[in-house]
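*Asks:*
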Amino acid sequence: MGQMKCIFTVLFLFEIFNGLSPATQAFTQNVKRSLKLCSKKLFTLSTEAPVDFAVVKFDESTNLLESDDLEMDVVQLHLDESEISFMGSRVQENVTLIRCCSERGFGRSEPRFITENSDSRSIEKQYLRNIVFRKNVICDRFETNYRYNDNFLKESEKINARNLYVYKPFRPENIEPSEPSKTVAMWLKHMNPRFLRSVTVYMDDKNITLAGTENELKCLDTLHVLHRSDIDDNILMNLKALDIELEPANITVNGINHIVQKWVFEGVPIGSRFVYYVDEPGYEITDIVKNVSGVTSDGQNKVIIQILPDRFLKVWVDDSSVNIECFKKK
């Protein structure tokens, strides 16, 4: 299966290469000759049959190009065992080096470099669009730290990803210091809600905004936003997720009380959990379980709520967090 996925990846690349420079097309000739030994079915499958990647990573960093002693801005597109690197020169404008390698399927070969006389971000977008933004391509996890800029992709373009991981951008966004980061919201807009079930965010010390992403968030099973955000009661109350972990946001005791009441009414599965980290103490347990019946004290700032014969909710508050979790009755 791993070798088949690599073949699919290379076949996708051929479609992209056809629109690139003669130098790039020449780079693929040796691999094309090898593919002539493969059956014609592979070409049909690569464009018609579903292709499921375990992990797709689209991230950026910096790297020193040994041959020229040049520092390059690097963006890498990882597709399971395959990898494509785009290296934009900081010295020469509109020059991008592309390196393709595959650890399996075709063996591991020395990197080959091609110079493209085009802006690196436009090339990165072209590859991402033609490989990942396809109706027949699904990935279990899409990971990125790519700083999203307006108009990077078309609004209609969606990734069929089950899980989205967004982590600290390598370089800051081109926005005012007082503005919140829009990167997470922008990527969310390009996730197909029919597939997306989990979102995890690890960011730096800049606030992030999720305004306008209610439709993308409301059908999730898991939402972990591990940095300060503008999530409010409206977003929280519309979540269907049963695994929620949030850093400080615009959530009030009313929003948390809504979660308790809803989980009691629905009889949520064992293991359901909600964690909200707070900057300072201030939430009262009595307010959090207001209008909830069957509440039993379990110590200071702790209560137990029987929701079904075999399970109960435990709700507790400490100096740094508010917690709700469903346990199995012993």
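Per mature numbering (1 follows the signal peptide of the UniProt record, and there is no 0): the sequence shown = residues -26 to -1, 1 to 304.
Backbone N, C-alpha and C define an ideal beta-carbon position, used for all residues, glycine too.
Computed from a predicted structure; not experimentally measured.
1) So, for Asn297: in the same chain, excluding its five sequence neighbours on each side, which residues have a beta-carbon less than 6 Å away from its beta-carbon?
2) Using CA atoms only, rank isn't needed, just tell me which of Glu221, Glu117, Glu34 and Gln100 is closest to Leu53.
3) Starting from the N-terminal side, write out each stretch of the alpha helix (DSSP H) that is 4 residues or longer and does not extend beyond the stretch 210 to 281.
4) For Ser130 and Gln235, what's the separation of their Cα atoms in angstroms?
5) Can you tell me which of Asn275, Thr183 and Val242 puts its alpha carbon nearest to the alpha carbon of Ala215?
6) Less than 8 Å between the C-beta atoms of Lys178 and Lys142, yes or no?
7) Residue range of the beta strand (DSSP E) that Ala159 falls in?
8) What do you get for Phe239, buried or exposed, if any count of 16 or more other CB atoms within 10 angstroms of its CB means buried?
9) Measure the alpha-carbon distance for Asn275 versus Asp293 and round it to whole angstroms.
10) Would residue 314 be called buried (16 or more neighbouring beta carbons within 10 Å of its own) or exposed?
11) Which value, in whole angstroms, describes the spacing of the CA atoms of Thr187 and Cys300?
12) Given 7 Å as the limit, tell me if Gln50 has its C-beta closer than that to any heavy atom belonging to the ligand FAD.
13) Between Thr226, Asp284 and Gly245, which has its C-alpha nearest Ile259's C-alpha?
14) Nearest to Leu170 by CA position, among Pro154, Asp253, Ala159 and Asp195, is which residue?
15) Specify the secondary structure class of Glu131 as computed by DSSP and reduced to three states.
16) Identify the continuous alpha helix (DSSP H) that holds Leu191 and give its terminal residues.
17) Taking all protein chains shown into account, do 16 or more other C-beta atoms lie within 10 angstroms of the C-beta of Leu11, making it buried, or fewer, making it exposed?
18) By DSSP, does Ser96 sit in helix, in strand, or in coil?
19) Using three-state DSSP, classify Leu102 as helix, strand or coil.
20) Taking a contact to mean a Cβ-Cβ separation below 8 Å, would you say Leu210 touches Ile182 in this structure?
21) Looking at the structure shown, is Asn137 part of a helix, part of a strand, or coil, going by DSSP?
22) Spatial neighbours of Gly245 within its chain, please: CB distance less than 7 Å, with the 5 preceding and 5 following residues excluded, ordered by chain position.
23) Please state whether DSSP places Pro85 in a helix, a strand or coil.
24) Per DSSP, Ile182 forms a beta bridge with which residues?
*Replies:* Well, looking at it:
1) Excluding positions up to five away in sequence, the list reads Val249 and Trp290.
2) Ranked by Cα distance from Leu53, the options Glu221, Glu117, Glu34 and Gln100 are led by Glu117.
3) Fully enclosed alpha helix (DSSP H) runs of 4 or longer: 227 to 240 and 259 to 262.
4) So the two alpha carbons sit approximately 37 Å from each other.
5) When C-alpha distances from Ala215 are compared across Asn275, Thr183 and Val242, the shortest belongs to Val242.
6) One point to set straight first is that residue 178 is Asp, not Lys, in the sequence displayed. Yes, the Cβ-Cβ distance between Asp178 and Lys142 is below 8 Å.
7) Note, Ala159: premise wrong, no beta strand (DSSP E); alpha helix (DSSP H) at Thr157 to Lys163.
8) It is exposed - the Cβ of Phe239 has fewer than 16 other Cβ atoms within 10 Å.
9) The straight-line gap separating the alpha-carbon atoms of Asn275 and Asp293 is approximately 10 Å.
10) This structure cannot settle anything about residue 314, because the visible part of the chain is limited to -26 through 304.
11) The C-alpha of Cys300 is placed about 27 Å away from the C-alpha of Thr187.
12) Judged by which ligands are present, the structure shown has none, so any question about the ligand FAD falls away.
13) Selected option, being the one with the closest Cα: Thr226.
14) The alpha carbon of Leu170 has as its nearest neighbour, out of Pro154, Asp253, Ala159 and Asp195, the alpha carbon of Asp195.
15) Three-state result, Glu131: coil.
16) Counting along the chain, the unbroken alpha helix (DSSP H) around Leu191 starts and ends at Glu188 to Leu191.
17) Its pLDDT being 36, under 50, Leu11 is placed unreliably by the model, and the measurement read from it follows with that caveat. With fewer than 16 Cβ atoms within 10 Å of its Cβ, Leu11 is classed as exposed.
18) Three-state DSSP puts Ser96 in a helix.
19) Here Leu102 sits in helix by DSSP.
20) Between Leu210 and Ile182, the gap from beta carbon to beta carbon reaches 8 Å or more.
21) Asn137 falls in the strand class under three-state DSSP.
22) Sequence-distant Cβ neighbours of Gly245 in its own chain, meaning closer than 7 Å and more than five residues away, are Cys300.
23) Caution is warranted here: a pLDDT of 45 is assigned to Pro85, below 50, making its placement in the model unreliable, and the coordinate value is therefore given only provisionally. If DSSP states are grouped into helix, strand and coil, Pro85 belongs with coil.
24) In the DSSP output, where bridge partners are listed per residue, Ile182 has Ser155 and Ser203.
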